[in-house]
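Participant: Residue numbers (this note's numbering), protein chains in the order written: chain A, 1215 to 1511; chain B, 1215 to 1511; chain C, 1215 to 1511; chain D, 1215 to 1511.
There are 4 protein chains.
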Amino acid sequence: MLLNGVYVEDTFCEAFDAYVARVIITAYNYCLAEVAAKEMSGFATSIIMCPVEAGIERFLDYGETPDGRAGVSVMLFHPSKKSLQRQLIERIGQCVLTAPTANAFDGLEKEEDRFDVGNKLRYFGDGYEKETSVAGRKCWAIPTMEGEFVVENDFGIAKGVAGGNVFIMGETQASALSAAIAAVDSIKNMEGVITPFPGGIVASGSKIGGRKYTFLKATTNERYSPVLKNTVESEVPDNVNAIYEIVINGLSLKHVKSAMRKCILAATKVDGVVKISAGNYGGKLGKYKIYLRELFD
Amino acid sequence: MLLNGVYVEDTFCEAFDAYVARVIITAYNYCLAEVAAKEMSGFATSIIMCPVEAGIERFLDYGETPDGRAGVSVMLFHPSKKSLQRQLIERIGQCVLTAPTANAFDGLEKEEDRFDVGNKLRYFGDGYEKETSVAGRKCWAIPTMEGEFVVENDFGIAKGVAGGNVFIMGETQASALSAAIAAVDSIKNMEGVITPFPGGIVASGSKIGGRKYTFLKATTNERYSPVLKNTVESEVPDNVNAIYEIVINGLSLKHVKSAMRKCILAATKVDGVVKISAGNYGGKLGKYKIYLRELFD
Amino acid sequence: MLLNGVYVEDTFCEAFDAYVARVIITAYNYCLAEVAAKEMSGFATSIIMCPVEAGIERFLDYGETPDGRAGVSVMLFHPSKKSLQRQLIERIGQCVLTAPTANAFDGLEKEEDRFDVGNKLRYFGDGYEKETSVAGRKCWAIPTMEGEFVVENDFGIAKGVAGGNVFIMGETQASALSAAIAAVDSIKNMEGVITPFPGGIVASGSKIGGRKYTFLKATTNERYSPVLKNTVESEVPDNVNAIYEIVINGLSLKHVKSAMRKCILAATKVDGVVKISAGNYGGKLGKYKIYLRELFD
Amino acid sequence: MLLNGVYVEDTFCEAFDAYVARVIITAYNYCLAEVAAKEMSGFATSIIMCPVEAGIERFLDYGETPDGRAGVSVMLFHPSKKSLQRQLIERIGQCVLTAPTANAFDGLEKEEDRFDVGNKLRYFGDGYEKETSVAGRKCWAIPTMEGEFVVENDFGIAKGVAGGNVFIMGETQASALSAAIAAVDSIKNMEGVITPFPGGIVASGSKIGGRKYTFLKATTNERYSPVLKNTVESEVPDNVNAIYEIVINGLSLKHVKSAMRKCILAATKVDGVVKISAGNYGGKLGKYKIYLRELFD
Chain A
1215 MLLNGVYVED TFCEAFDAYV ARVIITAYNY CLAEVAAKEM SGFATSIIMC
1265 PVEAGIERFL DYGETPDGRA GVSVMLFHPS KKSLQRQLIE RIGQCVLTAP
1315 TANAFDGLEK EEDRFDVGNK LRYFGDGYEK ETSVAGRKCW AIPTMEGEFV
1365 VENDFGIAKG VAGGNVFIMG ETQASALSAA IAAVDSIKNM EGVITPFPGG
1415 IVASGSKIGG RKYTFLKATT NERYSPVLKN TVESEVPDNV NAIYEIVING
1465 LSLKHVKSAM RKCILAATKV DGVVKISAGN YGGKLGKYKI YLRELFD
Chain B
1215 MLLNGVYVED TFCEAFDAYV ARVIITAYNY CLAEVAAKEM SGFATSIIMC
1265 PVEAGIERFL DYGETPDGRA GVSVMLFHPS KKSLQRQLIE RIGQCVLTAP
1315 TANAFDGLEK EEDRFDVGNK LRYFGDGYEK ETSVAGRKCW AIPTMEGEFV
1365 VENDFGIAKG VAGGNVFIMG ETQASALSAA IAAVDSIKNM EGVITPFPGG
1415 IVASGSKIGG RKYTFLKATT NERYSPVLKN TVESEVPDNV NAIYEIVING
1465 LSLKHVKSAM RKCILAATKV DGVVKISAGN YGGKLGKYKI YLRELFD
Chain C
1215 MLLNGVYVED TFCEAFDAYV ARVIITAYNY CLAEVAAKEM SGFATSIIMC
1265 PVEAGIERFL DYGETPDGRA GVSVMLFHPS KKSLQRQLIE RIGQCVLTAP
1315 TANAFDGLEK EEDRFDVGNK LRYFGDGYEK ETSVAGRKCW AIPTMEGEFV
1365 VENDFGIAKG VAGGNVFIMG ETQASALSAA IAAVDSIKNM EGVITPFPGG
1415 IVASGSKIGG RKYTFLKATT NERYSPVLKN TVESEVPDNV NAIYEIVING
1465 LSLKHVKSAM RKCILAATKV DGVVKISAGN YGGKLGKYKI YLRELFD
Chain D
1215 MLLNGVYVED TFCEAFDAYV ARVIITAYNY CLAEVAAKEM SGFATSIIMC
1265 PVEAGIERFL DYGETPDGRA GVSVMLFHPS KKSLQRQLIE RIGQCVLTAP
1315 TANAFDGLEK EEDRFDVGNK LRYFGDGYEK ETSVAGRKCW AIPTMEGEFV
1365 VENDFGIAKG VAGGNVFIMG ETQASALSAA IAAVDSIKNM EGVITPFPGG
1415 IVASGSKIGG RKYTFLKATT NERYSPVLKN TVESEVPDNV NAIYEIVING
1465 LSLKHVKSAM RKCILAATKV DGVVKISAGN YGGKLGKYKI YLRELFD
């Protein structure tokens, strides 16, 4: 298929089940809310070696947040519910409770499966914490040096989808990268998805296990490495000198698909982009297969 | 002591020994280098529940970096050398190797105690990695989807100082916060120090252990909580309604002291700031005592 | 009236008729679109001495822009239609045509009153320009060093409203300023309004003419200057030490009123804010009177 | 000459005399200082149709500024001393006086040629202004709604150099642009120079006058337009599809040369860059000729 003159390969990405939580961080202003959100979603690109996958979902209008202040929502994904719960406690406790003027509310209110984040963090109040209510939500107000930190009693845990992805191939590194940045920007404030890698972009795709170093869980995906295209059996076209991957985690398969579609459309508008593809493991690993052509039916 | 009309308490902060590493991240431009640096230094405010304490030290001129590109240096601190080493591997592997156009070099070249970060990460190359040299440094070039990731073979591990701090007390929350932001900005690009908390600022100081909830390692420092000043034995002056803490980790005691001095000077220039103090545990815990008055001798 | 515990004075602001244009700047990504938008809307706080009043209205999704790229909309206001037209030519010609990857489209397509911006700028093409069509809009493609600059043939000119405003009074400068920042953030991406001053905030309100220096068009509004509250007949309450003004220009009175309401709500959430008011000239100058109490009916 | 594998043409740029002023804007923090600086340096790319050429020079440490706060320096250039003086008054008056917590000091103290900016702006105080001294500098404190605006009595006017430039040619638009961004970043905080165009980059170089439209002062430089390379007598190499120009204004020829050298070095590090050149008018217009080869002697 050709899209804006760019060849879109007839292939699919594999995606996986993962538990997801959504934290609404509010603060005096967007700058402060973002500071807490970035601290909270750092060191969270891939569960290969990070404790969780996380990222900023979007900026919320003052009218959308429980306490009527500036808001930023962060989503966290992990296939293990226990690990996700632990990370909620640790990251809200270390990165939001400590952040100037920040409060933390649940962003998945309708989920029945709930975890009592605030009810655990309140012990930091050492007996001085008080139950309170914000916009009808049960919260805890914990006395701190700046005043009070307000955190919701419990947070919803939903079943989401992780690992949706798009490959962007360019004639030059800068072209592939500019297209990747355009792709990430095109879903910057989209509801329901995050792109957990640095700036939303993966520079180093991996394959499962190792060919030579068999003791590793993941190693470089040499078939997609432009510098090796004349050395190994390669998937890199002759005119391609760099490939970037956008990894997308979402609340549902529908969210991930919609985001992939937007990313591909945006990427094909940048000159020097020659091919769009996606990453899969031959269909053996992921529960979900997302075919690129279906996105444009 | 009065400084710019603000009362500086005659007290001290306690500081601690910690191992430190410094990673120079380079990229096409500052924006991309910062993206990698922020991902790498997230979820790293305090080792109470974070795996490491980290932050951006400063932006390096193109002429200062081994590969002549835009640079950002990140420092990581941990009292356990093993934990620090593990975090170096995990954070460079997950947050820099994956980041667009980023390379990683050692920022403590003169340290004799070295840890072979690049020599471990190179296995991601699955046999396709190659030894290379950048500005005379032994490095590894690992083939990736974008091209090659270059990482230095080994990184210096030094003995640094963690936990230096300043308390800023204001008539209003906004005054104390504005002063805290000014304090952090005053050391923004200073060589040798980081402020690991969100935006460099701590909203929620803690005491060791718990009064009521004795099972906790750390709980709120109620003596410094303005909302409790009429409830508990309090250190909060009558006219103070918010307190922020700046925590400073540095390469040496001298670096930490110099940064504390700058922070205090900057904070006292903001209107509505009424007192500067510092946090200690009665002198029982920290190896180092830094007296505020000595900073202005 | 009390709002979130803050006194809102029963007064009104005066607002004025002004012509308005809206430019949609598109680019590879939001960062580049914003660079052009900021260059275009600089030196544009007040027509007292600036050639126009301008500001960023909002960020547009890729799906909202004519060429499917990242978009930022800028609005320009001037009571003189001629001056507005001239500024459109100069600012698009100097700040958007020159900006990397930027194009410029009309954001007021339904206006019948139109000005042929692109049809004038195309002469820069020196005969090499070509008529083209983007999403059904008549445009010109002008060859440049980077490739082509695309600009719409004509732009709508509407009748808007300028000078809507809110005064925020705080116990400390930092409190009033934090509230002003929160106010501006609360309408950051709102459709139909801009706040033309630096960061959206006015630090120095003015009165018409001069008391002592009668040769000036505008001088400081001493009745609202906290440092003069014991020197002149003052409107500054005893507990107020700083006042900031938010000036709002909008597509219609309704837009301005809606924005004022949001600003006031956001400002009253910041501690240390004690009073909200508005600026008027006794009702003698402005065509429109906007009563604060009406905003909350 | 080959530099990092990129061909640097043996040519020169022409540069011109221009008067220059340097304004040190200080504020509570860097964010606020930058807000004022950007407002002040907007609509200031080229005196072809802008009233002045301006840009941010660098960020100053707290210890470098007269009032010990965060500082940003802005430089303004104009061949007419009168025009420069008028712009100083208008831009400080409309963009810095109005900006939250901002003050304005002279950044060219040693210049004997001085213009009494503050002494003119003080009339805004309407008789309530007071002479004051900051770090030994004669200043005026003008009462405003936020408190007081402090502005230095007079500012130095120096003879600088405008129009230094570098052309960056790339295989793809994204490569040329990435290299241009790297070039600008490489002199981001360099003392003595600014890059007045949007983001420091020119997308649309111009020639003097017009070929077809002879009534224009400047039109597109068709010989450097990639889309016209098969239509006109072209300077665009076969493998070049985009060209960006970096225009550099500086305090002296030495400053401009040093900046050009850094820009070229940084640009040649980006893949897909194939040639570096510079813009001149056959040596007929500019007082100064800067040969690229001399930069690397």
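Where is the CB? At the ideal position from N, CA and C, for every residue including glycine.
Quick caveat: nothing in here was measured; it's all calculated off a predicted structure.
Looking at the C-beta of A:Phe1319, does it have a partner C-beta in chain B at a distance below 8 Å?
Facilitator: Output row for A:Phe1319: interface = no.
Participant: Please report how far the alpha carbon of D:Phe1381 lies from the alpha carbon of D:Ile1504, in whole angstroms.
Facilitator: For D:Phe1381 and D:Ile1504, the distance between alpha carbons rounds to 13 Å.
Participant: Would you say B:Leu1274 and B:Ile1303 are within 8 Å of each other, going by their C-beta atoms?
Facilitator: Not in contact: B:Leu1274 and B:Ile1303 (Cβ atoms no closer than 8 Å).
Participant: What does the Cβ neighbour count give for D:Thr1358, buried or exposed, with the cut at 16 atoms within 10 Å?
Facilitator: With 16 or more Cβ atoms within 10 Å of its Cβ, D:Thr1358 is classed as buried.
Participant: Who are the near neighbours of C:Val1348 in its chain, counting only those whose CB is closer than 6 Å to its CB and skipping five residues on each side?
Facilitator: The residues are Pro1280 and Asp1281.
Participant: By a C-beta neighbour count over all protein chains shown, 10 Å radius and 16 as the cutoff for buried, is A:Thr1445 buried or exposed?
Facilitator: Per the 10 Å Cβ criterion, exposed.
Participant: Is the distance from the Cβ of D:Pro1314 to the Cβ of D:Ala1232 below 8 Å?
Facilitator: It is not a contact, given that the beta carbons lie outside the stated cut-off.
Participant: Helix, strand or coil for C:Tyr1458 per DSSP?
Facilitator: The answer is strand: DSSP assigns C:Tyr1458 an E or B state.
Participant: Sorted by chain position, which residues of the same chain lie with C-beta nearer than 6 Å to B:Thr1259's C-beta, five sequence neighbours on each side aside?
Facilitator: Pro1410 and Phe1411, listed in sequence order.
Participant: Nearest CA to the CA of D:Phe1329: which residue from D:Gln1299, D:Ile1356 and D:Ala1388?
Facilitator: Measuring from the Cα of D:Phe1329, the nearest candidate turns out to be D:Gln1299.
Participant: Check whether the Cβ atoms of B:Ala1318 and D:Ala1396 lie closer than 8 Å to each other.
Facilitator: Contact: no.
Participant: At a cut of 8 Å, does the stretch 1377–1393 of chain A reach the stretch 1460–1469 of chain A through at least three beta carbon pairs?
Facilitator: Judged by Cβ distances under 8 Å, the stretch 1377–1393 of chain A makes contact with the stretch 1460–1469 of chain A, as three or more pairs qualify.
Participant: Apart from the five residues just before and just after A:Leu1442, which ones in its own chain have a Cβ nearer than 6 Å to its Cβ?
Facilitator: Excluding positions up to five away in sequence, the list reads Glu1436.
Participant: Which term fits D:Asp1511, buried or exposed, when burial requires 16 or more other beta carbons within 10 angstroms of its beta carbon?
Facilitator: It counts as exposed.
Participant: Taking 7 Å as the cut-off, is the C-beta of B:Ala1393 nearer than that to any heavy atom in the ligand NAD?
Facilitator: Inclusion of the ligand NAD in the displayed structure is not the case, the ligand content being empty and no account of it being possible.
Participant: Start and end of the beta strand (DSSP E) containing B:Met1289?
Facilitator: Where B:Met1289 is concerned, the enclosing beta strand (DSSP E) stretches over Ala1284 to His1292.
Participant: Look at the alpha carbon of B:Lys1295 and the alpha carbon of B:Lys1498, and state the distance between them as a whole number of angstroms.
Facilitator: If you take the alpha carbons of B:Lys1295 and B:Lys1498, they lie about 23 Å apart.
Participant: Return no unless some Cβ of chain B is closer than 8 Å to the Cβ of C:Asp1485.
Facilitator: Yes, its Cβ sits closer than 8 Å to a Cβ of chain B.
Participant: Along the chain, where does the alpha helix (DSSP H) that runs through B:Lys1471 open and close?
Facilitator: Per DSSP, B:Lys1471 belongs to the alpha helix (DSSP H) from Leu1467 to Ala1481.
Participant: Where does D:Glu1223 sit, in a helix, a strand or coil, going by DSSP?
Facilitator: Coil at D:Glu1223, not helix or strand.
Participant: From B:Gly1405 to B:Val1234, what does the alpha carbon distance come to, in whole angstroms?
Facilitator: In the sequence as presented, Gly is not what sits at residue 1405 of chain B; that position holds Glu. In a straight line, the C-alpha of B:Glu1405 is about 14 Å away from that of B:Val1234.
Participant: For chain A, is any of its Cβ atoms less than 8 Å away from the one on B:Tyr1221?
Facilitator: It does not: the Cβ of B:Tyr1221 has no partner Cβ on chain A nearer than 8 Å.
Participant: How far does the alpha helix (DSSP H) with B:Glu1248 in it reach, from first residue to last?
Facilitator: Run containing B:Glu1248: Tyr1244 to Met1254, per the alpha helix (DSSP H) assignment.
Participant: Under 8 Å by Cβ, that's how I've got C:Thr1386 and B:Ser1389 pegged, so tell me the actual separation to the nearest angstrom.
Facilitator: Sure, about 5 Å apart at Cβ, within 8 Å.
Participant: Rounded C-beta distance between D:Gly1256 and C:Ser1255? I'm assuming under 8 Å.
Facilitator: Right, their Cβ atoms sit about 6 Å apart.
Participant: Going along the chain, which residues of the stretch 1279–1298 of chain C sit with their C-beta nearer than 7 Å to a C-beta in chain A?
Facilitator: Listed by position along the chain: Gly1282, Arg1283 and Ala1284.
Participant: Quick one: give me the first and last residue of the beta strand (DSSP E) that C:Lys1352 is part of.
Facilitator: Unbroken beta strand (DSSP E) run through C:Lys1352: Arg1351 to Pro1357.
Participant: Going by DSSP, which residues form a beta bridge with B:Asp1320?
Facilitator: Answer is B:Val1237, bridged to B:Asp1320.
Participant: Between the Cα of C:Phe1230 and the Cα atoms of C:Tyr1244, C:Asp1485, C:Thr1482 and C:Val1470, which residue gives the shortest distance?
Facilitator: When only C-alpha atoms are compared, the closest one is C:Val1470.
Participant: My parser needs the beta strand (DSSP E) runs of 3 or more residues fully inside the stretch 1356–1393 of chain A; what are they?
Facilitator: Listed in chain order, the complete beta strand (DSSP E) runs (minimum 3 residues) inside the stretch 1356–1393 of chain A are 1362–1366 and 1372–1384.
Participant: With a threshold of 7 Å on Cβ separation, who are the neighbours of D:Tyr1342 within its own chain once the five nearest residues in sequence on each side are excluded?
Facilitator: The answer, listed in chain order, is Pro1357.
Participant: Taking C:Cys1264 as the query, report the chain D residues whose CB atoms sit under 7 Å from its CB, ordered along the chain.
Facilitator: In chain order: Gln1308.
Participant: Please work out which residues of its chain come closer than 8 Å, Cβ to Cβ, to A:Leu1479, disregarding the five sequence neighbours upstream and downstream, and give them in chain order.
Facilitator: Contacts found: Leu1217, Asn1218 and Ser1400.
Participant: Under three-state DSSP, which class holds D:Leu1506?
Facilitator: Reduced to three states, the DSSP call for D:Leu1506 is coil.
Participant: From B:Gly1500, B:Thr1482 and B:Ala1268, pick the residue whose C-alpha is nearest to that of B:Gln1301; which is it?
Facilitator: Nearest option by C-alpha distance: B:Ala1268.
Participant: In whole angstroms, what separates the C-alpha of A:Val1450 from that of B:Gly1361?
Facilitator: Spanning the two alpha carbons is a distance of roughly 12 Å.
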